[in-house]
Amino acid sequence: MSSKVYAMDLRASLQENLYVKLDRLLDAAGFDEIVKERHLIAIKLHFGEKGNTAYIPPTQLRHLVNRVHNLGGRPFLTDTNTLYVGTRTNSVDHLTTAIENGFAYAVAGAPLTIADGLRGNSEVAVAVNLPIYDEVYIGADVIQADSLISAAHFKGHELAGFGGTIKNLGMGCASRKGKLAQHCEISPEFDAKKCIGCGECVAHCPADAIELLKKKAKKDSEKCIGCGECIAVCPEEAV
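Using this note's numbering, read the sequence shown as starting at 42 and increasing by one per residue.
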C-alpha cells in the first residue's frame, strides 16, 4: 500500500503564513497521533556542513519542535556523523557546526545529540532479514528514542539522482559501520585523460586509498571504502 503524500504551497501572505499552512499539513497527516506525553522524540534532520545553506532553517524547524512540546513530548534534534571528511565527521565538530549554522537551543528550541556517538561507533545491530542485509547498524540514540520524526530536505546526489526522506533515514540513521556497509559495493574509477594530478582526491580520501603516480590518481582497491568523496571533490570530473 502506497503512502499518502501531502504538499503545501510555499507562497505566503499576512493572512496565511507558512506556519499556518504547516499546521494544516500536519493535521492532515495525523502528526499529533505519533507524539505521546513525556516520550523522547527524535527529530532526524541534517545540520549542514559549516557555512552552507543546504538544510531546513532552524527558525522554521522550531515550529515543529514547539508543536511537539505543546503535545507533551520531549523533542531532541539528531543526526549521525558522516563517513566522508568534513565538519561533521565526529560529534565535537558536528555539534560545533550545528550551532554555528543556527541550531542553538535558543533558536531551535530543542537540545542536540549525535546519534552514533563521538566517532560514529555507538550503534545497535538491528535484524532486518532482507535480501541484501540480515542486519543493519543504527545509531544508538535513534533506537532508544520513543519515536522519530524525519525532517528531510531535498538534495541532489551524484549516484542516486536525489536524496530525501529515504536517504535521511536509511543512510542518515546508520552508524559509521552501517554507512560503510551501504557504500561497500561502490568503487570509483579514474579517467586518466581527464585527471590533471591536482591531488584533491588524495587529500580528501578518508581511507588513504588514493595516490598520485606520474601525476595521475590511482586507487588502492583493497583500501577503498566506496564513500564517493573523490567523486564530489574532483574539479575535472575525472572520477
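For glycine and all other residues, C-beta sits at the position ideal for the given N, C-alpha and C.
Source: prediction; values computed, not measured.
Glu199 sits in coil when the DSSP states are folded into three classes, being neither helix nor strand.
If you draw a straight line from the Cα of Gly92 to the Cα of Val148, it is about 17 Å long. In this structure, Arg115 lies away from Asn162, with their beta-carbon atoms at least 9 Å apart. Three or more Cβ pairs closer than 8 Å define a contact, and the region 59–66 meets that threshold against the region 43–50. Going by beta carbons, Asp120 and Ile97 fall outside the 9 Å limit. In this structure, the alpha-carbon of Glu277 lies about 46 Å from that of Asp187. Annotated three-state conformation of Asp182 is helix, per DSSP. The region 203–222 and the region 239–250 do not touch, with fewer than three beta-carbon pairs separated by less than 8 Å.
In the assembly as shown, Leu124 is a buried residue. Its beta-carbon has 16 or more other beta-carbons within 10 Å. The beta carbons of Leu102 and Leu86 sit about 7 Å from each other, so the pair counts as a contact at 8 Å.
Counting along the chain, the unbroken alpha helix (DSSP H) around Leu102 starts and ends at 99–111. By the beta-carbon neighbour count (other beta carbons within 10 angstroms, threshold 16), Glu226 is exposed.
Nearest C-alpha to Leu253 among Gly127, Val274, Cys236, Cys268: Cys236.
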